[in-house]
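Some notes on the structure that comes next.
Number of protein chains: 2
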Amino acid sequence: MGKAKRASERRDEGLSLERIVEVAIELLDAEGEDGLTFRALATRLATGSGAIYWHVANKSELLVAASNAIVAREMKALGTRAAPRKAIRNIAVSLYEGIDAHPWVGAQLFRAPSETAMLQIFERIGREIQAMGVSRRAQFTSVSALVSYIIGVSVQNAANGRQHDPRMSRAEFLKTIAARWEALDPDEYPFTRKVAAQMREHNDRAEFLAGVDLILNGIALGC
Amino acid sequence: MGKAKRASERRDEGLSLERIVEVAIELLDAEGEDGLTFRALATRLATGSGAIYWHVANKSELLVAASNAIVAREMKALGTRAAPRKAIRNIAVSLYEGIDAHPWVGAQLFRAPSETAMLQIFERIGREIQAMGVSRRAQFTSVSALVSYIIGVSVQNAANGRQHDPRMSRAEFLKTIAARWEALDPDEYPFTRKVAAQMREHNDRAEFLAGVDLILNGIALGC
DNA sequence: ACCTGAACACCGTTCAAGT
DNA sequence: ACCTGAACACCGTTCAAGT
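Residue numbers (my numbering), protein chains in the order written: chain S, 74 to 296; chain L, 74 to 296.
What follows is the structure, encoded as structure tokens:
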């Protein structure tokens with residue numbers, strides 16, 4: 074052993090999959106999904122666009138690798154010691170914030186659900202559900218529901234963030250939506266009109282966690 | 074009144090937004106998201122690609138219109154009379170199956186969450202939550218969680234369906250995945266290995282509905 | 001007012017040619 | 001084994017010209 078795997082560390086010369094993925098992530102974060110082109114990538118890597126194809130089969134594979142890298146990073150950063158419910162909330166928040174910071178990960182997770190990424194999340198939540206004492210036969214359903222909810226809301230939140238003009242503040246944005254809700258047809262949208270005020274004041278992250286708790290309560294009922 | 078709005082009915086001549094959207098949906102259903110190009114659309118409509126731009130601003134707007142049309146159709150087809158919990162399950166199943174039959178709707182709902190589509194779903198579920206007697210202050214959170222879960226899982230399910238080779242049966246597919254789960258590293262994936270058998274036998278639609286019930290149970294606890 | 005279709009700018013991907 | 005970069009096929013979108 075000893076210096077056996079030095080090669081994987083610093084290599085300023087030549088391309089490598091890691092280097093390509095790293096620069097792809099930079100591009101995606103800086104300019105969004107449309108910013109990632111093989112031409113832009115090649116320029117930043119000071120090479121020809123064809124060279125990238127030596128290390129990666131196509132763009133879709135590159136996106137999978139990039140989003141796997143983010144999910145793995147987020148999961149690794151998690152502390153390991155917390156009570157089960159608290160631990161699940163931590164995992165949920167990490168993913169929510171990770172996807173919020175890298176919205177393209179969300180899109181990717183949905184376009185081509187990556188098994189490796191999903192498995193990591195599934196496993197972490199599964200262990201906590203087990204620790205909560207959920208019955209053997211309810212475990213699969215409980216974990217599936219939680220994972221789906223957490224990923225689903227995180228991705229929707231990230232997609233929503235890209236929707237509105239970034240010069241508008243969050244408060245202004247909510248105000249605009251709430252005003253639109255209040256102006257809806259009273260016969261067609263009675264309920265939505267009634268909760269418009271709550272829409273104006275709600276906090277997305279808090280609602281997300283409230284939803285996680287709702288599911289956890291439902292799960293706890295079963296055991 | 075009387076024959077005042079006849080013009081909106083049959084017009085075999087000339088283009089119209091409705092006609093364009095209709096053909097776009099046919100194309101999307103038949104050949105998937107990549108099949109929708111302005112050139113293919115123009116050919117099917119027997120016109121030039123530029124003509125379409127007279128009726129629709131760009132491709133993104135066309136996708137929004139097409140997916141709104143599907144959601145509206147699905148919501149309209151719903152019966153109106155059922156007990157609240159049953160009604161919510163009906164809405165959930167309609168969306169799940171609608172998105173399963175038109176996977177591109179799912180992708181679209183996430184790429185650019187359409188306010189009109191979301192509002193329709195939010196309103197329908199909201200009325201039922203109100204009918205369940207959920208307290209005023211818990212209503213917004215309850216409906217948000219349900220809508221997020223229902224849309225999220227439906228979209229993920231549709232995306233998963235496009236993943237694997239269509240020649241493989243569902244049972245074969247699950248068997249393959251379960252085998253892969255069982256072969257995972259015992260130290261890194263103890264939980265996932267343990268539930269691999271349940272993965273092999275689970276039914277996606279049933280798990281989806283079980284998740285809805287979990288949330289409904291959590292909601293009912295609060296009131 | 002509405003349609004036509006060539007033209008433009010820009011992609012992902014391939015591949016013969018190089019080192 | 002790995003890199004280069006021109007070439008190919010294919011997009012969305014625009015726009016001068018038509019009716």
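Glycine is no exception: its CB is placed at the ideal position from the N, C-alpha and C atoms.
When the alpha-carbon of arginine 210 (chain S) is set against those of S:Glu104, S:Ala142, S:Asp277 and S:Ile292, the nearest one is in S:Ile292. Threonine 116 (chain S) has its alpha-carbon roughly 41 Å from the corresponding atom of phenylalanine 246 (chain L).
Restricting attention to L:Ser187, L:Pro176, L:Phe213 and L:Phe195, the CA atom closest to the CA of aspartate 107 (chain L) is found in L:Pro176. By the Cβ criterion, the segment 211-218 of chain L is in contact with the segment 275-291 of chain S, since at least three pairs of Cβ atoms, one from each stretch, lie closer than 8 Å. Within chain S, Ala180 and Ala232 have C-beta atoms less than 8 Å from the C-beta of arginine 184 (chain L), given in sequence order.
The residue among L:Lys132, L:Val178 and L:Ala185 with its C-alpha nearest the C-alpha of isoleucine 143 (chain L) is L:Val178. A residue is called buried when at least 16 other Cβ atoms come within 10 angstroms of its Cβ; asparagine 141 (chain S) meets this threshold and is buried. If you compare the alpha carbons of L:Glu104, L:Arg112 and L:Val129 with that of leucine 90 (chain L), the shortest gap goes to L:Val129. In summary, no residue of the segment 118-151 of chain S has a CB separated from any CB of chain L by less than 9 Å.
The alpha-carbon separation between alanine 139 (chain S) and isoleucine 288 (chain L) amounts to approximately 33 Å.
With fewer than 16 neighbouring CB atoms inside 10 Å of its own CB, alanine 150 (chain S) falls in the exposed class. At a cut-off of 9 Å between C-beta atoms, proline 263 (chain S) counts as an interface residue with respect to chain L. Taking C-beta atoms as the reference points, leucine 88 (chain L) and alanine 124 (chain L) count as a pair closer than 9 Å. One alpha carbon belongs to serine 133 (chain S), the other to glutamate 255 (chain S), and they sit about 42 Å apart. For methionine 191 (chain S), the enclosing alpha helix (DSSP H) begins and ends at 188-204. Annotation for lysine 248 (chain L): Arg273 place their beta carbon closer than 8 Å to its own, counting only its chain and skipping 5 residues before and after. Tyrosine 169 (chain L) has a beta carbon lying at 9 Å or more from every beta carbon in chain S. The beta carbon of valine 94 (chain L) is closer than 8 Å to those of Leu135, Ala138, Ala139 and Ala142 in its chain, skipping five residues each way along the sequence.
When Cβ pairs closer than 8 Å are counted between the two stretches, the segment 148-165 of chain S is seen to touch the segment 187-202 of chain S, the count reaching three or more. The three-state reading of DSSP puts aspartate 102 (chain S) in helix, counting H, G and I together.
Judged by DSSP secondary structure, alanine 211 (chain S) falls within the alpha helix (DSSP H) whose first and last residues are 209-236. Setting aside the 5 residues that flank it on each side, alanine 97 (chain L) is surrounded in the same chain by Leu109, Leu114, Leu135 and Ala139, each with a C-beta closer than 7 Å to its C-beta; the list follows chain order.
Under a criterion of Cβ atoms nearer than 8 Å, the residues of chain L adjacent to glycine 225 (chain S) are, in order, Ser221, Tyr222, Ile224, Gly225, Val226, Val228 and Gln229.
Between glycine 105 (chain L) and glutamine 229 (chain S) the beta-carbon gap is near 22 Å, outside 8 Å, which marks them as no contact. Beyond the five residues adjoining it in sequence on each side, methionine 148 (chain L) comes within less than 6 Å, by CB distance, of Gln193 in the same chain, given in chain order. Taking the CA atoms as reference points, histidine 275 (chain S) sits about 10 Å from alanine 244 (chain S). Between alanine 232 (chain S) and the set S:Val285, S:Leu118, S:Ala180 and S:Tyr169, the nearest pair of CA atoms involves S:Ala180.
Around methionine 272 (chain S), the beta-carbon contacts reaching into chain L at under 8 Å are Phe213. Under the 9 Å criterion on CB atoms, glutamate 188 (chain S) is classed as interfacial with respect to chain L. In the DSSP annotation of this structure, the continuous segment of the alpha helix (DSSP H) that includes threonine 249 (chain L) starts and ends at 243-255. Straight across, the Cα-Cα distance linking alanine 185 (chain S) with serine 227 (chain S) is about 16 Å. When only Cα atoms are considered, phenylalanine 213 (chain L) and glutamine 271 (chain S) end up about 7 Å apart.
Assignment of beta strand (DSSP E) within the segment 156-184 of chain L, counting only whole runs of 3 or more residues, yields no such run. Here threonine 116 (chain S) carries a helix assignment [DSSP, helix/strand/coil].
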